[in-house]
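Residue 65 in this note's numbering sits at position 65 of the sequence shown, and the numbers go up by one each step. So the structure is just underneath, and the comments pick up after that.
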Amino acid sequence: MAHRAEKSGIAADLQQTRSAKYPSEAEKESIKWMESILNEKKRGTFQEWLKDGSTLCRLINKIYPSTVSQDHCKPTASGLVFKQYDNINHFLKGCKEHGVSEKDLFVTLDLHEGNDMAQVIATLYALDRKAQKSGRRLPVLSPKEAEGKVRDFSKQQIADSSKVISLQMGTNAGASQAGMVSPGTRRQIK
């Protein structure tokens, strides 16, 4: 935002660290993915395109129809910051409803002010993983989410495991510091 003071001290250091770790290749992939789903080209920079939240609302409605009301899918005037925040929050709420975990979501302020766009990209990747898992036929942005493999052991197998001799797993008896001299002590040379 134009009316904010320049960051200094630790805030400037954190911003510099975030900027150094920014995944520009992932941004390009995210833009391509969003353009293919929305059938529209990016306007301005990535942050400017997403800033008012309407693009994000249209995106989640394309993936999961009727998640966000159509009122939030229309571009808003740049002066209506509260409306832009509201649109972004509706997108985040829709992500949560469809299984994106809280740790994968960005903070509204990070997108609106462009503080942590890497987290915005991480949210888009997480949304894509959930869409793939639910069977949506969409362009793919991120790897498929891993599924857990449950292992069931019978009571007999569990009982048999207690019969294992601990030395079958190895020993640490060979490693010892016996006979070592600590630094600074006199050594007996024979």
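Think of the CB as a built atom: it goes at the ideal place given N, C-alpha and C, for glycine as much as any other residue.
- The straight-line gap separating the alpha-carbon atoms of GLY9 and MET117 is approximately 21 angstroms.
- Straight across, the Cα-Cα distance linking ILE121 with GLU27 is about 7 angstroms.
- If you look at TYR22, you'll find it isn't in any alpha helix (DSSP H); DSSP assigns it neither H nor E.
- Residue environment for ARG58: buried (at least 16 other C-beta atoms within 10 angstroms of its C-beta).
- In its chain, beyond the 5 residues on either side, ASP52 and SER54 have a beta carbon closer than 7 angstroms to the beta carbon of PRO75.
- The alpha carbon of ILE31 has as its nearest neighbour, out of TYR22, ARG18 and PHE46, the alpha carbon of PHE46.
- Taking a contact as a CB-CB distance under 8 angstroms, the pair LYS130 and VAL100 counts as one, their CB atoms being some 6 angstroms apart.
- Restricted to the region 51-91, the alpha helix (DSSP H) segments that are unbroken, complete and at least 4 residues in length are 54-63, listed in chain order.
- Note on VAL181: under 16 other CB atoms within 10 angstroms of its CB, so exposed under the neighbour-count rule.
- In the DSSP assignment, SER161 falls within the unbroken alpha helix (DSSP H) covering 155-161.
- Pairwise C-beta distances place the region 33-48 out of contact with the region 81-88, as fewer than three of them are shorter than 8 angstroms.
- Shortest Cα-Cα distance from TYR85 to any of ASP104, ASP71, LEU109 and GLY94 involves LEU109.
- Spanning the alpha carbons of ASN87 and ASP160 requires a straight line of approximately 58 angstroms.
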